[in-house]
Structures are given as C-alpha cells and as structure tokens.
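Quick notes on the structure that follows.
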Amino acid sequence: MSDTENRSRKVTSFDVARRAGVSRAAVSRTFTPNASVSAETRAKVHEAAKHLGYRVNYLARSLTNQRSDFVGVVAAGLDNPFRNLQIEQISRALLARNFRPVLLPTDTEDQAEVIAQLLHYAVSGVLVTSDAPPTSLCEEFADNGVPIVLINKGDDIPLVDRVVSDDKAAGQIAAMQLIDGGAKRPAVMGAAGVSYTARRRMEAFLARCKAMGVVADVLPIERNDYAHGFDGAEKLDGTNIDGLFCINDYLACGVIDGLARQRKSRGAPPLRIIGHDNIPQAGWGAYELTTILQPCDIQAEQAIDLLTSRMADPTMTARVEFTPVSLIKRQTA
Numbered sequence: 000m001s002d003t004e005n006r007s008r009k010v011t012s013f014d015v016a017r018r019a020g021v022s023r024a025a026v027s028r029t030f031t032p033n034a035s036v037s038a039e040t041r042a043k044v045h046e047a048a049k050h051l052g053y054r055v056n057y058l059a060r061s062l063t064n065q066r067s068d069f070v071g072v073v074a075a076g077l078d079n080p081f082r083n084l085q086i087e088q089i090s091r092a093l094l095a096r097n098f099r100p101v102l103l104p105t106d107t108e109d110q111a112e113v114i115a116q117l118l119h120y121a122v123s124g125v126l127v128t129s130d131a132p133p134t135s136l137c138e139e140f141a142d143n144g145v146p147i148v149l150i151n152k153g154d155d156i157p158l159v160d161r162v163v164s165d166d167k168a169a170g171q172i173a174a175m176q177l178i179d180g181g182a183k184r185p186a187v188m189g190a191a192g193v194s195y196t197a198r199r200r201m202e203a204f205l206a207r208c209k210a211m212g213v214v215a216d217v218l219p220i221e222r223n224d225y226a227h228g229f230d231g232a233e234k235l236d237g238t239n240i241d242g243l244f245c246i247n248d249y250l251a252c253g254v255i256d257g258l259a260r261q262r263k264s265r266g267a268p269p270l271r272i273i274g275h276d277n278i279p280q281a282g283w284g285a286y287e288l289t290t291i292l293q294p295c296d297i298q299a300e301q302a303i304d305l306l307t308s309r310m311a312d313p314t315m316t317a318r319v320e321f322t323p324v325s326l327i328k329r330q331t332a
C-alpha cells in the first residue's frame, strides 16, 4: 500500500500484518499485554505499525470482547491535594497492571448517574473514592459482572469490597503525640457529618484522650477543606486550646494560615497542630506540618488486588482491608 493510499483510509491490523510479513494473530498478540510473541516478530510489527501510522482501537476491541481493560475511577473533591495524589497512585498502579484508568469527576448530586454511565463502556471494574453509590446500582454492576471497590467508605454493601485507611490508629497516634508533647487541652477539628473517615478519626482521637485522662474539645466545621480551616482558626481565639488534630492536611494548612493572620495583631500563644494524609504541601517550609501518612501507593495496590480477585470470583463475600498509617514528625507538633 502506498503512502497516498495509507492517508486516504484507516489503517487496519491486516495492513500491518501484510507489511510486517506476519499473521494478523501475531499483530494482535503484539499489542496485547503479556501475550506470547517473539522479540523478532514484535519488532517487525512495531516497525510496520509506526510506518503506517497504526494505532490500536481499544474501545472497539472492548466492544468485540464484551469487556475492556478500562477501569473506572470515580472521584470527588479534586480541589484537595490528597485526592490528586490518590488518583495519581491509583492510575499508576492500574497502568502497571495493564489496565487503563478512566477518570470520572463527580459530586454528591450526580454521582449515581455518572457511575451508571460506566456500564456503557464495558469497563472491567470500578474504583470509587467519593461517596458510596446506591446499593441498587452496586447490585446492577454485580449482575453485569463488573466489580466495585470502595476506598475509605463505610458503607457495607453485599459483593462490594472496601479499602479503608486505619483511621482508628490515626486518631490514637494524634492524641498521644499531642498529649505526650505537652498539650493540656487538645481539640479535634473536622466535619464528621459529611465524612466517614473524619468521623472515625475524631472518635478515635477523643477516645484516646479520655483514656489518657484528658478531656478534648471538638471544633465542628461544615467541610474538611482549606477555606473552612482558615475560617475555623477563629474558633481558637480566646480559648486555651494548646493542641489541635485536624482530620486532614488540607484543613490543617488553612488553620495554620488563619492563625498566622490572627497572630500578626493578637500575639496568640504557640499551638501544636497535627494533620492527616501527608500531602506534598505538608512538607513545605510555610507549614512543616506534623501529620499522619496515609500511603496512597499501598492503598492503590490493595484496591486493585481486591478488584482483580473479585473479577476472578464474583461470588465472594464482601471484604475489608485496612491501610496502615504512620506518624510523620515535623515542626508543628
């Protein structure tokens, strides 16, 4: 086929096979991850494909096979640096396993509708980092042989696996670090009503403080983000709170900046602060935030392990795996 003919119509795998002098099956194996093909054949096929401008149509392949190597990744709260870190690690881990991530940003109002769309793309599975989808939708996915894994969600749904950060340990670590560091009146700040992880961390923090003979305060806010942390710093004005556990780093950074603004004129006393997640900003010189590491890379591998094992056996009872956490000590506590 001449270059002119090549530009006038779509190049197919038959064209690549003809130019490389191999079978069409050999072309298919070359572009199928982990398929058996000799190095010589692979080189011939890649050279022919490059010359002809051939690209594999993975979506068309999925329609033929009734299942693709696409995995839906559903996420909300993309303004939070932790969510971006989490999605990056999930995407890298999926690609390393020869899956292709399909990101669907969502919010509470349209989440079920967005997730339902994934059934039209013959995805192999779905990872959800936002709120858990309705049970009826999960059952529909299970009926279609598409497993769903929830990350950091509390909903117990049949045939739906979960990976959950060890929030109980996180709350305990934060309480001990603050009290052992000298805090006499610790407090925890977070929006427990809108977040399963926030609720669990706050409960564990309060329980550990009580066990250590210290009464802790709760500083409720509406959302666990920077803006509410910045405004929430006002709640500390006029109190003798000397240790604060913010249920995530994004919130803690807002509190630190809010306190910095206050202290320019009020000369507030030092306050020990601990966050959670270890986002990149936590290590910045402006914050030097002591925090609790939630390892996104480990969590991503756990979630994909659950996903692939359920692909192999869809009838298993629902499972929960906990992601370990650890203290990252910096200047704030």
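Per numbering that gives the first Met the number 0, numbering of the sequence shown is gapless, rising by one per residue and ending at 332.
Glycine included, every Cβ here is placed at the ideal spot set by N, Cα and C.
- In terms of Cα proximity to GLY52, the closest of VAL214, ASN83, ARG18 is ARG18.
- Taking 8 Å as the cut-off, the beta carbon of CYS245 is found closer than this to the beta carbon of GLY228.
- Straight across, the Cα-Cα distance linking VAL217 with ARG28 is about 59 Å.
- ASN79 and PRO323 have their alpha carbons spaced roughly 21 Å apart.
- When only Cα atoms are considered, LEU292 and ASP276 end up about 5 Å apart.
- Spatial neighbours of GLN88 in its own chain (CB-CB distance under 7 Å, excluding positions within 5 residues in sequence) are listed in chain order as CYS295, ASP296, ALA299.
- Check the Cα spacing between THR105 and each of MET188, LEU126, PHE98, LEU93: the tightest is with LEU126.
- Rounded to the nearest whole angstrom, the CA to CA distance from ALA24 to ASP155 is 44 Å.
- Taking C-beta atoms as the reference points, LEU305 and ASP165 fail to come closer than 8 Å.
- Sixteen is the threshold: since fewer than 16 other Cβ atoms of the shown chains lie within 10 Å of the Cβ of GLY284, the residue is exposed.
- In the three-state scheme derived from DSSP, where H, G and I count as helix and E and B as strand, VAL193 is classed as helix.
- LEU326 is bridged by DSSP to ILE291.
- Rounded to the nearest angstrom, the gap between the Cα atoms of GLY124 and GLU138 is 13 Å.
- Between GLY253 and PHE98, the alpha-carbon positions lie close to 37 Å from each other.
- The DSSP-derived three-state label of PHE81 is helix.
- TYR195 and ASP68 have their alpha carbons spaced roughly 31 Å apart.
- Cβ contact annotation for GLN85 (same chain, cutoff 8 Å, sequence separation greater than five): ALA74, THR128, ILE150, CYS295, GLN298, ALA299, in chain order.
- The beta carbons of ARG260 and LEU288 sit no closer together than 8 Å.
- Counting along the chain, the unbroken alpha helix (DSSP H) around VAL113 starts and ends at 110 to 116.
- Contact check for ALA190 against ALA197 passes: the beta carbons are separated by less than 8 Å.
- VAL122 places its beta carbon 8 Å or farther from that of VAL162.
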